[in-house]
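The opening residue of the sequence shown carries number 178 in the numbering used here; numbering runs sequentially from there. Where a beta carbon is used, it is the ideal one built from N, C-alpha and C, also for glycine. Below is one structure, written out as structure tokens; the observations come after it.
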Amino acid sequence: MTARLTVAVWLGILTAGVCAGQGAFFDEGNQRYQEGDFDGALERYAQILDAGLESGELYYNLGNTYFKLGELGPAILYYERARRLMPGDGDLLANLDLARSLTADAIVPLPGFWLFRAVGWWVGLVPRPALVWLVALAYLAAMTAVILVILRPATVLAAWGKRVAIAGTAVTLVFGLNLAVRELGIGAAEEAVIMAAETEVQSAPSDDSALQIFAVHEGTKVRIDRRSDAWIEIVLEDGKVGWIRADQLEPI
Numbered sequence: 178m179t180a181r182l183t184v185a186v187w188l189g190i191l192t193a194g195v196c197a198g199q200g201a202f203f204d205e206g207n208q209r210y211q212e213g214d215f216d217g218a219l220e221r222y223a224q225i226l227d228a229g230l231e232s233g234e235l236y237y238n239l240g241n242t243y244f245k246l247g248e249l250g251p252a253i254l255y256y257e258r259a260r261r262l263m264p265g266d267g268d269l270l271a272n273l274d275l276a277r278s279l280t281a282d283a284i285v286p287l288p289g290f291w292l293f294r295a296v297g298w299w300v301g302l303v304p305r306p307a308l309v310w311l312v313a314l315a316y317l318a319a320m321t322a323v324i325l326v327i328l329r330p331a332t333v334l335a336a337w338g339k340r341v342a343i344a345g346t347a348v349t350l351v352f353g354l355n356l357a358v359r360e361l362g363i364g365a366a367e368e369a370v371i372m373a374a375e376t377e378v379q380s381a382p383s384d385d386s387a388l389q390i391f392a393v394h395e396g397t398k399v400r401i402d403r404r405s406d407a408w409i410e411i412v413l414e415d416g417k418v419g420w421i422r423a424d425q426l427e428p429i
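Here you go:
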């Protein structure tokens with residue numbers, strides 16, 4: 178596991194309007210990580226988070242750092258956050274699988290409905306930064322082609338312009354819908370990661386020991402079903418349902 182620095186991070190810093198000093202924090206965090214000073218690396222990465230930067234690469238580095246510190250809950254949390262921004266990254270998926278294999282709960286997920294799996298695959302098909310550029314360029318190409326057809330209707334360029342306009346519009350609609358679904362979270366379940374070393378799951382939102390039904394451990398991913406004051410009803414990947422205290426998990 179190595180720390181990463183890519184152009185995406187610098188673009189993220191500029192887009193977020195964060196001061197140039199955050200780039201120095203990232204470099205220093207990477208340097209400390211390479212030197213084995215994981216606490217120091219974590220401190221520097223956290224300073225960037227506090228400045229409001231969101232980046233798949235930053236989350237990935239945070240996941241690696243927490244993994245090196247032996248903290249599976251935060252490691253898996255940040256790997257999962259990184260996966261939402263760069264879903265097809267091979268190194269990230271390998272590290273996430275490794276971290277999840279070390280958790281105490283051996284959960285066998287229920288098979289999902291094929292349509293939901295297909296939609297999930299489609300939504301995560303293209304990384305978010307590339308998707309934004311693709312939609313923007315397709316829209317620009319379509320609009321440029323439409324203007325060309327209007328201004329030069331009786332030329333060879335107009336014939337090509339019509340084809341480009343149709344193709345650009347199709348790409349804009351298909352991948353624009355993908356982007357909208359992703360950004361608005363349409364149909365997406367709210368998920369979280371258990372952060373406590375072990376927590377008892379109750380059959381009702383109560384501390385009554387007679388209502389304990391099973392336990393979950395650090396690093397387990399759950400779906401948030403509903404909330405009741407300081408309690409959250411969770412659903413495990415194998416279908417088990419129960420209530421835990423809200424401070425025992427962290428939403429992805």
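Would a C-beta distance cut-off of 7 Å place Ala-315 and Gly-345 closer than the cut-off? If you number the sequence shown from 1, residue 315 lands on position 138. If you number the sequence shown from 1, residue 345 lands on position 168. Taking 7 Å as the Cβ cut-off, Ala-315 and Gly-345 qualify as a contacting pair.
With Ala-126 as the anchor, note down where its alpha helix (DSSP H) starts and where it stops. The structure shown does not extend to residue 126, since the chain spans only 178 to 429, so no value can be given for it.
In the DSSP output, which residue or residues are listed as bridge partners for Thr-376? Sequence index remark: in the sequence shown, residue 376 carries index 199 (1-based). According to DSSP, Thr-376 bridges with Val-393.
Just tell me which of Leu-230, Arg-329, Phe-391 and Met-178 has its CA closest to the CA of Gly-200. Residue 200 sits at position 23 when you count from the first residue of the sequence shown. Nearest C-alpha to Gly-200: Leu-230.
Can you tell me which residues form a DSSP beta bridge with Val-418? In the sequence shown, the residue the question calls residue 418 occupies position 241. Bridge partners of Val-418: Val-412.
For Tyr-215 and Val-300, I'd like the C-alpha separation in whole angstroms. Here residue 215 is taken as the residue at index 38 of the sequence shown, counted from 1. Here residue 300 is taken as the residue at index 123 of the sequence shown, counted from 1. A small correction: the amino acid at residue 215 is Phe; Tyr does not occupy that position in the sequence shown. Cα to Cα, the separation comes out at about 34 Å.
Whole-angstrom Cβ separation of Arg-244 and Met-178, contact assumed at under 8 Å? The residue given as residue 244 occupies position 67 in the sequence shown. The residue given as residue 178 occupies position 1 in the sequence shown. Correcting the residue identity first, residue 244 is Phe in this sequence and not Arg. Confirmed, Cβ separation roughly 7 Å.
Which residue marks the beginning of the alpha helix (DSSP H) containing Pro-288, and which one marks its end? Within the sequence shown, residue 288 is the residue found at index 111, counting from 1. No alpha helix (DSSP H) contains Pro-288, which DSSP labels as neither H nor E.
Leu-235 - containing alpha helix (DSSP H), residue span: Here residue 235 refers to the residue found at position 58 when the sequence shown is read from its first residue. Per DSSP, Leu-235 belongs to the alpha helix (DSSP H) from 233–245.
Suppose the cutoff is 6 Å on Cβ atoms and the five residues either side in sequence are ignored; what does the same chain contact list for Val-356 look like? Sequence index remark: in the sequence shown, residue 356 carries index 179 (1-based). For the sequence presented, residue 356 should be read as Leu rather than Val. Only Leu-308 and Val-312 meet the Cβ criterion.
Euclidean distance between Cα positions of Arg-260 and Arg-400: Position 83 of the sequence shown holds residue 260. Position 223 of the sequence shown holds residue 400. Their Cα atoms are separated by approximately 16 Å.
In three-state terms, what does DSSP make of Ala-367? As a position in the sequence shown, residue 367 is number 190, starting the count at 1. The identity of residue 367 in the sequence shown is Glu, whereas the question assumes Ala. In this structure, Glu-367 counts as coil in the three-state DSSP scheme.
Which term fits Thr-332, buried or exposed, when burial requires 16 or more other beta carbons within 10 angstroms of its beta carbon? Sequence index remark: in the sequence shown, residue 332 carries index 155 (1-based). Answer is exposed; the Cβ neighbour count stays below 16.
Asn-207 Cβ short of 6 Å to the ligand NAD heavy atom set: No copy of the ligand NAD appears in this structure; indeed no ligand is present at all.
Anticipated Cβ contact below 8 Å, Arg-277 with Gly-396, distance rounded: On the sequence shown, position 100 is the one that residue 277 refers to. On the sequence shown, position 219 is the one that residue 396 refers to. Sure, about 7 Å apart at Cβ, within 8 Å.
Range covered by the beta strand (DSSP E) that runs through Glu-427: Translated into positions along the sequence shown, residue 427 becomes position 250. From DSSP, the beta strand (DSSP E) with Glu-427 extends over 426–428.
May I have the straight-line CA-CA distance separating Pro-288 from Arg-221, to the nearest angstrom? What you label residue 288 is simply residue 111 of the sequence shown in a count that begins at 1. What you label residue 221 is simply residue 44 of the sequence shown in a count that begins at 1. Going from the Cα of Pro-288 to the Cα of Arg-221 covers about 40 Å.
The alpha helix (DSSP H) that contains Asp-216, what's its start and end? Reading the sequence shown from its first residue, position 39 is the one you call residue 216. From DSSP, the alpha helix (DSSP H) with Asp-216 extends over 215–227.
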